[in-house]
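Comments concern the structure below.
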Amino acid sequence: MNENESSEKRGHLAGIGRHGEHPYGDLGQIIILLVFLVIWILDSFVFRYSTFLSPQVSIYLRLIFAGLILVSAIYLVRSGHRAISNEVLSSPRLLTDGAFSRVRHPLYLAALLFYIFLIALTFSMISLFVFVGIFFFYNYIAAYEENFLEKKFGQEYRDYRKNVPKWFPRLK
């Protein structure tokens, strides 16, 4: 490990994202996932307080809808990780291929789609309200990273931001 890699690793461990990640982004994602899962499980399978819409929609329709969401999330994760892992082997550059050519935050979008997948399975309204807060958290850390990328890549990132949507991919 050379000196630059060592200092980057120390900085990342100290809470400074070496690629512009929010210092508490990873920890925040773990915490909100655990909180969401506890709420979703308790509401969906124990108390059933807010799943009153679930019997109104066929389980088959919910499974088809949830399955499409899950497949989309898996595509975004695979494509996003493929682009990132290829980037580790080359010199740092702005990622604009794969899933990054469709949406600026494919891995965060995949995480959000996973939450929607779970909500679609049981129609837990409480989980839906929690999801709104989760979306604001992801939007906050995405904005933090975008500020970093704009400082690092300047006009190249501003052009990318103009052409690629933040959350909702354009269908071409």
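So in my numbering, the last spot in the sequence shown is 1412, and the numbers never skip. Heads up, the beta-carbon is just placed ideally off N, CA and C, and yes, glycines get one too.
Are the CB atoms of V1286 and T1336 nearer to each other than 9 Å? Counting from one through the sequence shown, the residue named residue 1286 turns up at place 46. Counting from one through the sequence shown, the residue named residue 1336 turns up at place 96. It is not a contact, given that the beta carbons lie outside the stated cut-off.
Alpha helix (DSSP H) runs contained entirely in the stretch 1362-1405, provided each spans 4 or more residues: 1365-1393 and 1395-1403
Assign P1295 to buried or exposed, taking buried as 16 or more other Cβ atoms, counted over all protein chains shown, within 10 Å of its Cβ. One-based indexing of the sequence shown puts residue 1295 at position 55. Its Cβ having fewer than 16 others within 10 Å, P1295 is exposed.
Tell me whether the stretch 1390-1408 and the stretch 1316-1325 touch, counting them as touching only if at least three CB pairs, one residue from each stretch, are closer than 8 Å. no
Residue nearest to G1260 in terms of C-alpha spacing, selected from F1393, F1408, S1364 and W1407: Your numbering for residue 1260 matches position 20 in the sequence shown. Here the closest residue by C-alpha is F1393.
For V1370, is the classification buried or exposed, using 16 other Cβ atoms within 10 angstroms of its Cβ as the cut-off for buried? Residue 1370 sits at position 130 when you count from the first residue of the sequence shown. So V1370 ends up on the buried side.
Excluding the five sequence neighbours on either side, which residues of its own chain have a C-beta within less than 6 Å of the C-beta of L1347, listed in chain order? Counted from its first residue, the sequence shown places residue 1347 at position 107. Taken in chain order, the residues that qualify are G1320.
For F1228, report the span of its alpha helix (DSSP H) as first-last. Beyond the ends of the chain as shown, which are 1241 and 1412, falls residue 1228; an answer cannot be given.
Using the Cβ count rule (16 or more neighbours within 10 Å means buried), how would you classify F1408? Residue 1408 sits at position 168 when you count from the first residue of the sequence shown. Exposed: under 16 other Cβ atoms inside 10 Å.
At the level of alpha carbons, what is the spacing between S1298 and Y1264? On the sequence shown, position 58 is the one that residue 1298 refers to. On the sequence shown, position 24 is the one that residue 1264 refers to. One C-alpha to the other measures close to 40 Å.
By how many angstroms is the C-alpha of S1312 removed from the C-alpha of R1250? Within the sequence shown, residue 1250 is the residue found at index 10, counting from 1. Within the sequence shown, residue 1312 is the residue found at index 72, counting from 1. Confidence in R1250 is poor, its pLDDT being 35 and thus under 50, which makes the residue's placement unreliable; the coordinate value appears in the next sentence. Roughly 35 Å between the two C-alpha positions.
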